[in-house]
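Numbering (full-length UniProt numbering), first residue to last: 1 to 405.
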């Protein structure tokens with residue numbers, strides 16, 4: 001029985017709200033129309049912005065330099081695959097270059113963005129132009145197809161396309177310069193090792209010539225020869241591992257996980273070589289202490305000659321490759337779609353602006369009418385129950401006199 005009055009009260013309040021809205025319909029319509037006209041005028045005054053986009057792909061094997069890739073091919077299969085980095089595109093390097101301050105300063109200077117953005121009167125116009133430029137450029141990497149999009153937003157469609165293409169060209173130039181610096185450092189390291197081995201081999205050959213002139217040529221047994229070949233092979237493997245380690249360390253630094261793996265492999269190869277040297281007496285046909293002094297000297301000279309020969313066999317092609325890598329220019333990315341001047345504007349979307357402001361004005365005007373009606377009701381109740389003084393009550397009946405009784 002109590003639910004019926006409550007339902008009737010709710011219906012009454014609803015109808016009362018509708019009556020207030022109907023009574024204020026002209027005012028609501030006027031506010032909404034005024035907001036629609038104002039938003040249309042404002043949206044027409046906003047300048048058009050255009051977005052130009054260039055799509056690029058990394059070249060094959062972009063994660064490593066060509067020289068490092070060649071060195072890794074000599075590793076065992078599972079290690080070469082692990083250190084090679086898999087099939088990921090590796091855009092982190094390119095995104096770092098694109099978002100660098102060097103790239104942004106090049107854009108500001110080349111396209112005179114201080115004047116384009118009207119920032120000549122700023123206290124620091126170059127910094128202000130860089131800040132605004134950061135809001136107008138974006139980079140997006142597609143995880144499925146592994147391509148990179150470089151987008152630029154500008155009021156001039158031709159300038160937007162030119163800026164996007166300029167960033168691609170600068171990316172290739174800066175990346176090539178960085179790779180050239182790494183190749184130069186590695187080439188200097190290989191050249192130093194190569195010349196040291198070459199000088200050492202020359203001194204050994206001179207010593208052998210003097211030895212032969214003094215004692216004549218000794219013919220060591222096949223087992224001693226095999227030991228020398230074994231030690232030389234171990235030394236060559238240790239050197240090759242060292243070259244692989246230096247190639248990756250120069251490119252990625254000492255803290256890279258791949259460099260750490262190669263550092264351990266380098267230490268293992270060096271340890272095997274040293275162990276072979278320490279155990280040479282067990283591999284020679286006779287104990288070393290019984291070898292005549294002349295034969296011992298011949299053994300040391302022959303071992304050194306073989307070592308330096310194997311070292312040069314490893315270093316010579318690496319030295320030539322390092323010189324080639326220092327001179328070649330490597331493209332960072334391959335352009336799939338160069339940026340072209342866009343035909344349609346990207347911003348502002350005037351229809352959405354007008355529609356959004358108009359709906360917001362309609363909703364706010366309706367809310368204002370309902371809030372005003374509610375306040376009028378509550379103000380009357382406050383006036384009656386709070387602010388109005390209480391009415392005088394009737395006086396108590398006087399006692400009747402005896403005569404009236």
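Virtual Cβ for every residue (Gly too), placed ideally from N, Cα, C.
At the C-beta level, residue 248 and residue 262 come within 8 angstroms of one another. The three-state reading of DSSP puts residue 337 in strand, counting E and B together. By the neighbour-count criterion, in which a residue is buried when 16 or more other Cβ atoms sit within 10 angstroms of its Cβ, residue 244 is buried. Taking C-beta separations shorter than 7 angstroms and ignoring five residues to either side along the sequence, the partners of residue 270 in its chain run 238, following chain order. In the structure shown, residue 111 falls within a coil segment according to DSSP collapsed to helix, strand and coil. Pairwise C-beta distances place the segment 311-328 out of contact with the segment 37-50, as fewer than three of them are shorter than 8 angstroms. Under DSSP, residue 50 forms a beta bridge with 154.
By the C-beta criterion, the segment 336-346 is judged not to be in contact with the segment 224-235, since fewer than 3 inter-stretch pairs fall below 8 angstroms. Contact annotation: residue 136 and residue 153 have beta-carbon atoms nearer than 8 angstroms. As the crow flies, the alpha-carbon of residue 352 is around 32 angstroms from that of residue 99. Out of 120, 97 and 138, the CA that lies nearest to the CA of residue 52 is found in 138. Nearest to residue 365 by C-alpha distance, out of 255, 31, 257 and 18, is 31. For residue 315, same chain residues with a beta-carbon under 7 angstroms away, outside a window of 5 residues either side, are 190, 193, 194 and 197 in chain order. Within the DSSP bridge table, the entry for residue 141 names 148 as partners.
For a cut-off of 8 angstroms, the C-beta gap from residue 312 to residue 201 is around 7 angstroms, short enough to register as a contact. Between residue 157 and residue 342, the CB-CB gap stays under 8 angstroms. Of the candidates 120, 95, 129 and 92, 129 places its Cα closest to the Cα of residue 107.
Taking C-beta separations shorter than 8 angstroms and ignoring five residues to either side along the sequence, the partners of residue 187 in its chain run 319, 322, 323, 325 and 326, following chain order. Only residues of its own chain outside the window of five on either side were considered, and among them 228 and 232 have a CB closer than 6 angstroms to the CB of residue 306, listed in chain order. DSSP places residue 349 outside both helix and strand once states are collapsed to three, so it counts as coil. Rounded to the nearest whole angstrom, the CA to CA distance from residue 50 to residue 133 is 14 angstroms. For residue 129, the enclosing alpha helix (DSSP H) begins and ends at 125-136. Annotation: the continuous alpha helix (DSSP H) that includes residue 94 extends over 92-98. A residue is called buried when at least 16 other Cβ atoms come within 10 angstroms of its Cβ; residue 359 does not meet this threshold and is exposed.
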